[in-house]
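Each remark here refers to the structure printed beneath this line.
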Amino acid sequence: MDVSGDIVYEALGSYIDNLCGSVFLGTARGKVVLYKMGTYPLTPTGETLPFLNVFYSRGMLEITGIWNREGRSGAFLLKMVPSGIEVRDGGIVYITFHPSDGGIVLVTLYGNEGLAKTLEGAVLDCRTERKEDEKMLSSMLHVKTINPAQWETLNP
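Per our numbering, residue 1 is the first one in the sequence shown, and the count goes up by one each step.
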């Protein structure tokens, strides 16, 4: 199985685990972009955005997304303490994360005001310290794990 398929199965497994052991906060169409020595989409950013599922677990947010575009499956998984949240009119939610190895991950969710209030409360409840079990995977980057030496050589 290729790396992309491995990531899909890992994200799907995490989603199922979260349904059993985490607090489901909501689902909305959205996109995720990593900013670090460049701009790297971690989910599709075109016209039809994937559904992203948000969970609260052990002081962190976990966001998963699984999609199929033109017969090719893809997935995204983020498990991290958020560093900030901003809500704009109409329920558009921007959540930022600062991975331990640097950069900024921006999650944009196109939800409603109810989801926005729920996510604001969850972000406030998250722990402020970094967790050793933080994780970020994306089939969009064509690598299973991301380390700082790869940032400049990745093809988004």
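Backbone N, C-alpha and C fix where the C-beta goes; we use that ideal spot for every residue, glycine too.
In the structure shown, M136 adopts extended strand secondary structure according to DSSP, grouped into three states. Taking the Cα positions, T96 is about 15 Å away from Y40. Rounded to the nearest angstrom, the gap between the Cα atoms of G21 and E62 is 12 Å. CA-CA distance, Y94 to L19, rounds to 23 Å. Listed as beta-bridge partners of L78 by DSSP are I63 and M136.
Rounded to whole angstroms, the separation of the alpha carbons of R69 and R127 is 35 Å.
Restricting attention to L115, P44 and G65, the CA atom closest to the CA of Y9 is found in G65.
For K36, there is no enclosing alpha helix (DSSP H), as DSSP gives it neither H nor E. Using a 10 angstroms sphere on the CB of V107, the tally of other CB atoms reaches 16 or more, which defines it as buried. In the displayed model, G103 falls within coil according to three-state DSSP, outside both helix and strand. The alpha-carbon of Y110 is positioned some 14 Å away from that of T43.
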